[in-house]
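Novice: Pasting a structure below so you can have a look.
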Amino acid sequence: MVNETLAHPRETSLKRLSRDKIRTVTSGTFTRLVLEAEGPIAVEFMSYGCAHCRAIEPVLEQVAEMVKAQEKIFRVNIAVEQELAGSYQIHGTPTLVMFLNQNEVGRVEGPSPTVSSVLAAVTQPFQS
Amino acid sequence: MNGEQVTMMQKQPKPILLFNDECAVCRQIGHWVQRSAQSKSGETSILVQPIGDDPEKLRSLNPDLDIWDAYATIHVLMPDGSMRLGGEAVAETLRNLPNTKWFAWTFATTILGFRPFQVVLDVAYAILSDVRPLFGCESCGKPRVMKPFEWVTKWAKALTRRSPHPIHTPHFSSLSAARRRPARVSAEPLPQSSHS
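Line by line, the protein sequences are chains A and B. The first sequence: position 106 = 112 (the numbering used here), numbered continuously. The second sequence: position 97 = 98 (the numbering used here), numbered continuously.
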């Protein structure tokens, strides 16, 4: 019987902190980091309570690492940033919205939580 | 870094039960625990708090507390800095409630190195956790037992083309479903981090 007790929490915490490759943007930083930034940018509109967002999170972290030279990936917590989600007409989570030079160039709702699917979602809009 | 994290950690004299306030089942259970934990003098034996949306506030309670993990399974934060998860967290909660502590000792009972009552509790928790969407937690995903029915329904809808709505992706939580959920409970906010 495995006792599900974490007695030594700090080691795993450090791993998690270093693993977090996706920066959270708020309504206060969205314009500067997303709209005014140069180059391709993908924004994940998500919520921590959403099971599908939880499933996609490690995949998105992996994809963020793969594309970090060409593209930035951010997240927006719609439970906090409701106005921002409303202004981009987010109907559910996770929704990936791709931006280039202040314009939305693509959007994918609920991508399959696989590297190929998420990689295609965040790169294809910039290839056309 | 380690020293900083230790100072970040809140000193809690009592265990804290974290619950998913976006899930109707979890919210009901959280309210029940909150009511049950109060003695006649108004003292509470276990603190009950919603998980919320701020990963940093959660880390201030325990540096290892990851918000994704907190939503994935029930957590009880112990005063000594450890955490109980899943069935262990349920047992710990029951041990702290005046009405249930009389039988909660059974979960620690060991027979030949085996804790039979804890195993039953773990299985019961796993089943309840999986079927939560059936009882009003749209954000919890789909229960595994429902997946075959979902595939058959999708297949039938696609075959007959009788559905007026498009078939949605299974990896998406609709906000229209979230709006049908009752408003969030007004629980006490998480304690502020000492360094913020």
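We put the beta carbon where it would ideally sit given N, CA and C, even for glycine.
(1) Can at least three beta-carbon pairs, one atom from the stretch 81-97 of chain A and one from the stretch 76-95 of chain B, be found at a separation below 8 Å?
(2) For B:Asp54, go through chain A and note every residue whose CB falls closer than 7 Å to its CB, in chain order.
(3) Among residues of its own chain, excluding the 5 on either side of B:Leu113, which ones have a beta-carbon nearer than 7 Å to its beta-carbon?
(4) Does A:Arg113 come within less than 9 Å of chain B when only Cβ atoms are used?
(5) Please tell me whether A:Pro117 and B:His172 are closer than 9 Å, where the distance is taken between their beta carbons.
(6) Would you verify that the beta carbon of B:Ile68 is, or is not, closer than 9 Å to some beta carbon of chain A?
(7) Can you name the residues of chain A whose CB is closer than 7 Å to the CB of B:Phe173?
(8) Drop a sphere of 10 angstroms on the beta-carbon of B:Ala71, count the other beta-carbons inside from all chains shown, and report buried for 16 or more, exposed for fewer.
(9) For the beta strand (DSSP E) containing B:Ala125, list its first residue and its last residue.
(10) Please determine, among A:Ser33, A:Ser122, A:Lys27 and A:Met52, the residue with the shortest C-alpha to C-alpha distance to A:Asn83.
(11) Where does B:Gln50 land, buried or exposed, given buried means 16+ other C-beta within 10 angstroms?
(12) Can a CB atom of chain A be found closer than 9 Å to the CB of B:Ile168?
(13) With 8 Å as the C-beta to C-beta threshold (strictly closer), list the residues of the stretch 58-80 of chain A near chain B in chain order.
(14) For chain A, find out if any of its Cβ atoms is closer than 9 Å to the Cβ of B:His44; answer yes or no.
(15) Going along chain B, which residues have a C-beta under 9 Å from A:Pro119?
(16) So the alpha helix (DSSP H) B:Phe20 belongs to, where does it begin and stop?
(17) Name the chain A residues whose beta carbon is nearer than 7 Å to that of B:Ala73?
(18) Can you have a look at B:Pro167 and say buried or exposed, based on whether 16 or more other CB atoms are within 10 angstroms of its CB?
(19) At the level of alpha carbons, what is the spacing between B:Asp54 and A:Arg81?
(20) Can you name the residues of chain C whose CB is closer than 7 Å to the CB of B:Asn21?
(21) Whole angstroms is fine: what's the gap from B:Ile47's alpha carbon to A:Lys78's?
(22) In the DSSP assignment, the alpha helix (DSSP H) including A:Leu39 goes from what residue to what residue?
(23) Is B:Leu18 close to chain A, meaning its C-beta is less than 9 Å from at least one C-beta of that chain?
(24) Does the CB of B:Leu113 have a neighbour CB from chain A at under 9 Å?
(25) Have a look at B:Asp123 and B:Phe136 and give me their C-alpha separation to the nearest angstrom.
(26) Which residues does DSSP pair with B:Val77 in a beta bridge?
(27) Taking only beta-carbon positions, decide if B:Leu176 is within less than 9 Å of chain A.
(28) When DSSP labels each residue in this structure, what does A:Gly34 get in the three-state scheme?
Specialist: Checking against the coordinates, here is how it stands:
(1) no
(2) Numbered from its first residue, the second sequence carries residue 54 of chain B at position 53. Contacts between B:Asp54 and chain A, judged by CB atoms closer than 7 Å, involve Tyr54, Asn83, Ala85 and Val86 in chain order.
(3) Reading the second sequence from its first residue, position 112 is the one you call residue 113 of chain B. Correct list: empty, nothing qualifies.
(4) Numbered from its first residue, the first sequence carries residue 113 of chain A at position 107. Not a single C-beta of chain B is nearer than 9 Å to the C-beta of A:Arg113.
(5) In the first sequence, the residue the question calls residue 117 of chain A occupies position 111. In the second sequence, the residue the question calls residue 172 of chain B occupies position 171. Contact flag set, yes.
(6) The count along the second sequence starts at 1 and reaches residue 68 of chain B at position 67. So yes, B:Ile68 belongs to the interface.
(7) Within the second sequence, the letter at position 172 stands for residue 173 of chain B. Residues of chain A passing the Cβ test: His58, Gly98, Glu115 and Gly116.
(8) Looking up residue 71 of chain B in the second sequence gives position 70. Buried.
(9) To locate residue 125 of chain B, count along the second sequence from 1; it is residue 124. Looking at the DSSP string, B:Ala125 is not in any beta strand (DSSP E); the run it does join, the alpha helix (DSSP H), is Pro117 to Val132.
(10) The sequence position of residue 83 of chain A within the first sequence is 77, counting from 1. Nearest in C-alpha terms to A:Asn83, of all of A:Ser33, A:Ser122, A:Lys27 and A:Met52, is A:Met52.
(11) Looking up residue 50 of chain B in the second sequence gives position 49. Classification of B:Gln50: buried, given that the 10 Å Cβ count is 16 or more.
(12) Looking up residue 168 of chain B in the second sequence gives position 167. Any reading at B:Ile168 is ruled out, since the residue's pLDDT is 48, under 50, leaving its predicted position unreliable.
(13) His58, Cys59, Arg60, Ala61, Ile62 and Glu63
(14) Taking the first residue of the second sequence as 1, we reach residue 44 of chain B at position 43. This sequence places Glu at residue 44 of chain B; His is not what is there. Chain A contact via Cβ: absent.
(15) Within the first sequence, numbered from 1, the residue matching residue 119 of chain A stands at position 113. Near A:Pro119 (Cβ distances below 9 Å), the residues of chain B are His172.
(16) Residue numbering aside, residue 20 of chain B sits at position 19 when the second sequence is read from its first letter. Careful: B:Phe20 lies outside any alpha helix (DSSP H), inside the beta strand (DSSP E) at Ile17 to Phe20.
(17) Position 72 of the second sequence holds residue 73 of chain B. Chain A residues near B:Ala73: Arg60.
(18) Taking the first residue of the second sequence as position 1, residue 167 of chain B is located at position 166. For B:Pro167, the predicted model reports a pLDDT of 48, less than 50, meaning its position is unreliable; a value from the coordinates is still stated below. Result: exposed.
(19) What you label residue 54 of chain B is simply residue 53 of the second sequence in a count that begins at 1. What you label residue 81 of chain A is simply residue 75 of the first sequence in a count that begins at 1. Cα to Cα, the separation comes out at about 13 Å.
(20) Of the protein chains in this structure, namely A and B, none is chain C.
(21) What you label residue 47 of chain B is simply residue 46 of the second sequence in a count that begins at 1. What you label residue 78 of chain A is simply residue 72 of the first sequence in a count that begins at 1. Cα-Cα distance, rounded: 43 Å.
(22) Reading the first sequence from its first residue, position 33 is the one you call residue 39 of chain A. That residue, A:Leu39, is in no alpha helix (DSSP H); it is neither H nor E in DSSP.
(23) On the second sequence, residue 18 of chain B is found 17 positions in, with the first residue counted as 1. No - not a single Cβ of chain A is within 9 Å of the one on B:Leu18.
(24) Mapped onto the second sequence, residue 113 of chain B falls at position 112. Closer than 9 Å: no.
(25) On the second sequence, position 122 is the one that residue 123 of chain B refers to. On the second sequence, position 135 is the one that residue 136 of chain B refers to. Using only the alpha carbons, I get a separation of about 20 Å.
(26) The count along the second sequence starts at 1 and reaches residue 77 of chain B at position 76. Paired residue(s): B:Leu18 and B:Arg85.
(27) The residue labelled residue 176 of chain B in the question sits at position 175 within the second sequence. Yes - at least one Cβ of chain A is within 9 Å of the one on B:Leu176.
(28) For this step, residue 34 of chain A is matched to residue 28 along the first sequence. Three-state DSSP puts A:Gly34 in a helix.
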